[in-house]
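Which chain is which? The protein sequence lines are F and L, in order.
For the first sequence, the positions run 1 to 109 when our numbering is used.
For the second sequence, the positions run 110 to 223 when our numbering is used.
C-beta atoms are modelled at their ideal positions from N, C-alpha and C, and glycine is treated no differently.
All remarks here apply to the structure that follows.
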Amino acid sequence: SQQGEEDPQALSIQEGENATMNCSYKTSINNLQWYRQNSGRGLVHLILIRSNEREKHSGRLRVTLDTSKKSSSLLITASRAADTASYFCATGAGNMLTFGGGTRLMVKP
Amino acid sequence: DGGITQSPKYLFRKEGQNVTLSCEQNLNHDAMYWYRQDPGQGLRLIYYSQIVNDFQKGDIAEGYSVSREKKESFPLTVTSAQKNPTAFYLCASSADRVRDQPQHFGDGTRLSIL
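Shown next, in the form of structure tokens:
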């Protein structure tokens, strides 16, 4: 079974709106990472948050981590059509990652 | 530019045939990984290698084999024992000697059965 589970599985929003994706996991982690995948392509690393961090920002991305609830969220602000992709959370123990099933985000122009 | 190159982009396998997927990296990373992705799903780990001449099974290694003779290369063979090989295969690498490192991915090989 997968360590991380994303919610929702699919999300459709208008350009300019914010998109929020959630990830829940089951066991202790060293870090949690978010990746993006465009259709038919490899994954691109977006952001890594360590287990002793609560929030991290990178450009229009904001990630939170709540280790007591074993959950994380990814917020994309002011979304663009180019943000249309699948987004995966991955939990890290050592340098091994376990991926969730992903959230498919569609941003309509 | 440093990165990971997977080839071929598309591959077709006949019944009973073994096929080999190539993965090369010039990032000087110690660790390399192979994942399988089925439509609409996340990634599942097939094999990983943290050092040359050593590799470990992941969650779904049955029907697959790998080698790691060079730091830069980590080819995956899909054997005839893998009865459902149709999937998108992704290779990744990371700087294993440092904690909390992201993985860098190639653009994948899509394998189908003829």
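Between the CA atoms of residue j and residue i - distance to the nearest angstrom
i	j	result
Thr56 of chain L	Tyr198 of chain L	Summary: the structure shown does not reach residue 56 of chain L, with chain L confined to residues 110 through 223, and so no result is reported for it.
Lys123 of chain L	Ser73 of chain F	43 Å
Gln210 of chain L	Met96 of chain F	10 Å
Thr77 of chain F	Gln150 of chain L	25 Å
Ala196 of chain L	Asn127 of chain L	15 Å
Gly215 of chain L	His45 of chain F	12 Å
Gln164 of chain L	Arg177 of chain L	With the sequence shown as reference, residue 164 of chain L is identified as Phe, and Gln is not the correct amino acid for it. Cα to Cα, the separation comes out at about 7 Å.
Leu105 of chain F	Gly40 of chain F	15 Å
Lys108 of chain F	His57 of chain F	24 Å
Ser116 of chain L	Asn30 of chain F	32 Å
Lys180 of chain L	Gly112 of chain L	14 Å
Glu17 of chain F	Ala85 of chain F	15 Å
Gln191 of chain L	Leu152 of chain L	17 Å
Asp157 of chain L	Gly167 of chain L	A small fix is needed here, since residue 157 of chain L is Tyr in this sequence, not Asp. Those two C-alpha atoms are separated by around 7 Å.
Ser202 of chain L	Ile13 of chain F	33 Å
Gly172 of chain L	Arg60 of chain F	42 Å
Tyr142 of chain L	Val187 of chain L	15 Å
Val161 of chain L	Ala90 of chain F	25 Å
Ala93 of chain F	Leu65 of chain F	15 Å
Ala170 of chain L	Leu130 of chain L	15 Å
Asn135 of chain L	Arg36 of chain F	22 Å
Asn22 of chain F	Ser71 of chain F	7 Å
Gly102 of chain F	Pro148 of chain L	11 Å
Backbone secondary structure at residue i - three-state DSSP
i	result
Gln2 of chain F	Only weak support is given to the placement of Gln2 of chain F: the predicted model assigns it a pLDDT of 49, under 50, and the value that follows is read from those uncertain coordinates. It is coil, neither helix nor strand.
Ala81 of chain F	helix
Lys118 of chain L	coil
His138 of chain L	coil
Asp7 of chain F	strand
Thr129 of chain L	strand
Gln210 of chain L	coil
Ser12 of chain F	strand
Ala204 of chain L	coil
Thr27 of chain F	coil
N- and C-terminal bounds of the beta strand (DSSP E) containing residue i
i	result
Lys108 of chain F	103-108
Tyr186 of chain F	Because chain F spans 1 through 109 in this model, residue 186 of chain F falls outside it and cannot be assessed.
Leu74 of chain F	71-76
His45 of chain F	43-50
Leu223 of chain L	No beta strand (DSSP E) contains Leu223 of chain L, which DSSP labels as neither H nor E.
Val63 of chain F	61-66
Lys56 of chain F	55-58
Asn95 of chain F	That residue, Asn95 of chain F, is in no beta strand (DSSP E); it is neither H nor E in DSSP.
Asn22 of chain F	19-24
Residues of the region 36-62 of chain F in Cβ contact with chain L at a cutoff of 8 Å, in chain order, please.
Gly40, Arg41, Gly42, Leu43, Val44, His45, Leu48, Arg50
*Can you give, in chain order, each stretch of the beta strand (DSSP E) that sits fully within the region 146-198 of chain L and has at least 3 residues?*
152-160, 163-166, 173-175, 185-187
Requested in this report: Name, going along the chain, the residues of the region 138-150 of chain L whose beta-carbon falls closer than 7 Å to a beta-carbon of chain F.
Outcome: Ala140, Gln150
Original post:
Any residues in the region 19-33 of chain F with a beta carbon nearer than 9 Å to a beta carbon of chain L? Which ones, in chain order?
Top reply: Asn30, Asn31, Gln33
- Task: Note down, in chain order, all residues in the region 173-201 of chain L with a beta-carbon under 9 Å from any beta-carbon belonging to chain F.
- Result: Phe197, Leu199, Cys200, Ala201
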